[in-house]
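Peer 1: What follows is a structure written as structure tokens; I'll ask about it next.
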Amino acid sequence: MMVSTKGRYALTVMVDLAKLSDGGFVSLSDIAEREHLSMKYLESIISILNKGGMLQSLRGKNGGYRLARDPADYNISEILLLTEGTLAPVNCIMQDGVQCEKAATCSTLPLWAGLDYVIDKYLSTITLQDIITGNRKKMLGDYCDHCDSDQ
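Okay, so the sequence shown: first residue is 74 according to our numbering, each after it adds one.
Right, here's the structure in full:
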């Protein structure tokens, strides 16, 4: 699985808005400046997030964007799935099931299906709130025995 720039930037935008979740709307230009993102690219990402129901928007002088829900109510999997379409580690495994004519005889399919499951399970347990509060223990969990949790 390789998360594209679109997915990474979408997550960056959502984290930025989560940090500012005081109920007010945030302009695209403020987000672009704070996060050092291209306005043009940011507009396309915001459009996806907005159409996907992740954001609320307001036009006008004090307009902008804000999260549609509390940061604790967004998991990372749903954000990345919206922008990436799939988080499958290989092409033959997609969200709609196995898409390969060799599935019945493929000896590595269980490996890829298991990895897909672990990726989804992990990303579904991490929320925007976990990221903005720096919950390294939850983000690293049992996945990284050698990582220094104090960093």
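In this text, a Cβ means the ideal position worked out from N, Cα and C, and glycines have one as well.
Exposed or buried, what is Ala186 when buried is set at 16 or more other beta-carbons lying within 10 Å of its beta-carbon?
Peer 2: Locating residue 186 in the sequence shown gives position 113, counting from the first residue. That one is buried.
Peer 1: Short of 8 Å in beta carbon distance, which residues of its chain neighbour Leu153, apart from the five on each side in sequence? Order them along the chain.
Peer 2: As a working note, residue 153 is residue 80 in the sequence shown. If we look at Leu153 and ignore the five residues flanking it on each side, its Cβ neighbours are Val76, Gly80, Ala83, Leu84, Leu160, Leu196.
Peer 1: Can you give, in chain order, each stretch of the beta strand (DSSP E) that sits fully within the stretch 136-222 and has at least 3 residues?
Peer 2: The qualifying runs are 137-140.
Peer 1: Should Met99 and Ile205 be called a contact, given that it needs their Cβ atoms to be closer than 8 Å?
Peer 2: In the sequence shown, residue 99 corresponds to position 26, counting from 1. In the sequence shown, residue 205 corresponds to position 132, counting from 1. Per the sequence presented here, residue 99 reads as Val, with Met not at that position. No; because the gap between Cβ atoms is not below 8 Å, this pair is not in contact.
Peer 1: Can you look up Val86 in the DSSP assignment and give me helix, strand or coil?
Peer 2: Position 13 of the sequence shown, counted from the first residue, corresponds to residue 86. In the structure shown, Val86 sits in a helix (DSSP, three-state: H, G or I).
Peer 1: For Gly125, I'd like the list of residues in its chain whose CB is within less than 6 Å of its CB, leaving aside the five on either flank, ordered along the chain.
Peer 2: What you label residue 125 is simply residue 52 of the sequence shown in a count that begins at 1. Taken in chain order, the residues that qualify are Leu155.
Peer 1: Can you pull the DSSP bridge partners for Ser117?
Peer 2: Indexing the sequence shown from 1 puts residue 117 at position 44. None; Ser117 has no bridge partner.
Peer 1: Checking 8 Å against the spacing of the C-beta atoms, do Glu116 and Leu128 come in under that value?
Peer 2: Sequence index remark: in the sequence shown, residue 116 carries index 43 (1-based). Sequence index remark: in the sequence shown, residue 128 carries index 55 (1-based). No, Cβ-Cβ distance for Glu116 and Leu128 is not below 8 Å.
Peer 1: Judging by CA-CA distance, which residue of Ser94, Ile104, Ser130 is the nearest neighbour of Asp146?
Peer 2: By one-based count along the sequence shown, residue 146 stands at place 73. Ranking Ser94, Ile104, Ser130 by Cα distance to Asp146 puts Ser94 first.
Peer 1: What does a CB cutoff of less than 8 Å around Gly136 pick up in its chain, not counting 5 residues either side in sequence?
Peer 2: Walking along the sequence shown from the start, residue 136 turns up at place 63. Closer than 8 Å at the Cβ level, and outside the excluded window around Gly136, lie Phe98, Ser100, Ser130.
Peer 1: Answer with buried or exposed for Asp189, where buried requires no fewer than 16 other C-beta atoms within 10 angstroms of its C-beta.
Peer 2: Locating residue 189 in the sequence shown gives position 116, counting from the first residue. Buried, by the Cβ-count rule.
Peer 1: What number of angstroms, rounded off, separates the C-alpha of Pro144 from the C-alpha of Asn164?
Peer 2: Against the sequence shown, residue 144 aligns to sequence position 71. Against the sequence shown, residue 164 aligns to sequence position 91. Spanning the two alpha carbons is a distance of roughly 31 Å.
Peer 1: Going by C-alpha to C-alpha distance, which of Arg139, Leu182, Met212 sits closest to Ile119?
Peer 2: Your numbering for residue 119 matches position 46 in the sequence shown. Closest by alpha carbon: Arg139.
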